Structures are given as structure tokens and as C-alpha cells.
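Novice: Below is a structure I'd like to ask you about.
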Amino acid sequence: MLYYTTENSRVYHKEEPKYLEIGPEYTDSIEFLLSSYPNHVSVDTLPCDALEDKISLATILFEKGILTTKKPLVQV
């Protein structure tokens, strides 16, 4: 489980921590991201077995507000 509080201000912790259940295949990638912070890393460098797993993890974390992009994304 990955607990996060992205929707809380640093001063007033109004919201309880939320959690995200992640599969064991993603634990190395989560540790990689934590150890790389605050530097941005490429999705391709995540230590997942398949490209689909890298994209899936990045998408989930981005949608939850846990992952940010180096440059703003442009809507198409």
C-alpha cells in the first residue's frame, strides 16, 4: 500500500491520508521514484519488466496527483 496526502495543505491536515494498493511488481519502481525525488526521471527508466507496466504505474500516480511532470502537459 502506498499512502499519500496530496490534497492536504502542509498546515491544516483536514483530509485523512489516502492509500493506493499497488502490486508487488511496482515496489521497485516506487522505491526508485522515492530515492530520485526531487529530480524528475523518465518513465522509461522505471525498473518495471514491461513498457506497459511503466506507463500504467506512471498514469495511476499522475492521476492521483502523486507524480508530476517536468513540463506542463498540453491537452490535445
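Residue numbers (numbering that gives the first Met the number 0): 0 to 75.
Even for Gly, the Cβ is constructed at its ideal location relative to N, Cα and C.
A quick note: this is a predicted structure, and the numbers were derived from the prediction, not measured.
Give a yes or no on whether the C-beta atoms belonging to Pro16 and Tyr2 are separated by under 8 Å.
Specialist: The count along the sequence shown starts at 1 and reaches residue 16 at position 17. The count along the sequence shown starts at 1 and reaches residue 2 at position 3. A contact, by the Cβ cut-off of 8 Å.
Novice: Does Tyr36 come out as helix, strand or coil in the three-state DSSP assignment?
Specialist: Indexing the sequence shown from 1 puts residue 36 at position 37. Coil, per DSSP.
Novice: Which residues bound the alpha helix (DSSP H) around Lys53?
Specialist: The count along the sequence shown starts at 1 and reaches residue 53 at position 54. Where Lys53 is concerned, the enclosing alpha helix (DSSP H) starts and stops at Leu50 to Glu62.
Novice: Compute the Euclidean distance between the alpha carbons of Cys47 and Asp27, then round it to the nearest angstrom.
Specialist: Numbered from its first residue, the sequence shown carries residue 47 at position 48. Numbered from its first residue, the sequence shown carries residue 27 at position 28. Distance between the alpha carbons of Cys47 and Asp27: 8 Å.
Novice: Per the DSSP calculation, Lys69 is bridged to which residue(s)?
Specialist: On the sequence shown, residue 69 is found 70 positions in, with the first residue counted as 1. The partner list for Lys69 (beta bridge, DSSP) is empty, contrary to what the question assumes.
Novice: On the DSSP bridge assignment, give the partners of Leu19 in chain order.
Specialist: What you label residue 19 is simply residue 20 of the sequence shown in a count that begins at 1. Leu19 is bridged to Leu1.
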